[in-house]
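Asker: Pasting a structure here, questions to come.
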Amino acid sequence: MAAELPIPVIVGSVVILILSLGIHEAAHGWVALKCGDTTARDMGRITVNPIVHIDPFMTIILPVLCYLSMGIPFGGAKPVPVNFYNLRKPYRDMALVALAGPASNFLIAMLLVFIRKVVVLKYHWLQEGLVGDVILALGLRLNLLLAAFNLLPIPPLDGSRVMAWLLPEDLRPPYMRLESFGLLLVLGFVFFVPGGYSLVWGMMNTMLEWVEAIVSLGDRW
């Protein structure tokens with residue numbers, strides 16, 4: 093699959109990925125600030141400037157490995173620091189902070205669908221199926237993949253913060269201690285647990301249906 097993507101499509105999709113990762117992390121920091129923690133603001137992380145969010149492995153090496161193995165440049169960013177104890181209602185607020193990231197990717201996906209409907213399908217400023225259109229379509233799927241992947245309830249992914257809030261209090265500490273094995277757990281689930289990889293792609297495709305349905309409501313106005 094990797095060989096099927098032209099260089100301009102790869103470059104364009106990587107640019108969208110890096111910008112989207114920056115917005116994802118900035119969203120975490122912004123909600124944390126609203127919930128009482130100024131750590132991200134004090135460290136200059138509430139910004140959409142992607143440079144401050146770049147992590148050498150997650151933002152550079154991992155996308156290359158994913159492209160070579162799966163045909164899609166997927167990765168992550170340097171996590172925004174959040175001080176759990178500065179939050180007004182720590183577990184609830186941490187869940188809100190966590191949800192802000194996937195929510196931002198969902199909104200970006202909606203924006204890309206809208207742009208594609210206007211630029212490609214309605215006014216034909218870009219020809220359907222050519223480079224610009226493919227970049228928009230791939231950028232859309234990358235954002236939904238980011239949202240779906242991060243919603244998995246595996247520490248340290250965003251979904252684990254929501255799960256910690258929902259768990260009984262006595263189960264929260266041992267559950268969050270799993271974060272020490274976070275990378276191994278995530279990779280193990282996606283690549284070695286039967287159905288793990290398919291679950292993430294299934295979530296992405298479901299979100300794609302939601303996004304297209306929401307944007308299509310505009311056609312009725």
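The sequence shown runs 93 to 313 under this note's numbering. From the three backbone atoms N, C-alpha and C, an ideal C-beta is built for every residue, glycine too. Computed from a prediction, not measured in an experiment: that's the story for all the values here.
Applying the 10 Å Cβ sphere with the 16-neighbour rule, what's the burial state of N141?
Answerer: exposed
Asker: Which term fits W217, buried or exposed, when burial requires 16 or more other beta carbons within 10 angstroms of its beta carbon?
Answerer: exposed
Asker: For a test of the three-state rule: what should DSSP assign to W217, helix, strand or coil?
Answerer: coil
Asker: So what does DSSP say about L160, is it helix, strand or coil?
Answerer: Helix.
Asker: DSSP three-state label for L244, please.
Answerer: If DSSP states are grouped into helix, strand and coil, L244 belongs with coil.
Asker: Rank V205, Q219, A124, A118 by C-alpha distance to the C-alpha of L232 and give the top, closest one.
Answerer: V205
Asker: In whole angstroms, what separates the C-alpha of R184 from that of I227?
Answerer: 37 Å
Asker: For N178, which of M150, F284, E301, V123 has the nearest alpha-carbon?
Answerer: V123
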